[in-house]
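In my numbering, the protein residues as written are 60 to 173. All residues carry an ideal CB built from backbone N, CA and C; glycine is no exception. Step one of this worksheet: look at the structure below.
Right, here's the structure in full:
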């Protein structure tokens, strides 16, 4: 019984090693995307305006999502959350801008320029 368990475990290990991706290839393929995410992550500053933060955040998230083999599932989920948050913020800004334009309309027809 013990011999069978050892044989099964050894076989499972061998199959896993044979079918596992080549870590040296993925490591070299992932160095550039990882470097880019570090650079874009470092460029996001509190003093930047919303448009600059959105651009850097989108680029950061897209690098992760376009290179899924280089990042963990947690990283990919965070990147998607960043994109969703940016999109929601942009939509809210557009709605607020439209409201401000309509509110500042001087007559019944001037709001149509919004």
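Review point. Mapping DSSP to helix, strand and coil, what is residue 101?
Key: helix
Review point. Out of curiosity, what's the CA-to-CA distance linking residue 34 and residue 113?
Key: Here the chain covers residues 60 to 173 and nothing more, so residue 34 does not appear.
Check your understanding: So is the beta-carbon of residue 93 under 8 Å away from any non-hydrogen atom of the ligand SAM?
Key -> Only the bare structure without any ligand can be found here, which leaves the ligand SAM out of the picture.
Practice item. Kindly indicate which three-state DSSP category residue 106 falls into: helix, strand or coil? Key: DSSP places residue 106 in coil when its eight states are reduced to three.
Review point. Is residue 144 buried or exposed, if buried means 16 or more other CB atoms sit within 10 Å of its CB?
Key: exposed
Check your understanding: Smallest Cα separation from residue 109: which of 162, 150, 167, 92?
Key -> 150
Point to revise | Inter-stretch contact at 8 Å, needing at least 3 Cβ pairs: the segment 146-162 / the segment 122-137 | key: no
Practice item. Can you tell me which of the three DSSP states residue 165 falls into? Key: Residue 165 sits in coil when the DSSP states are folded into three classes, being neither helix nor strand.
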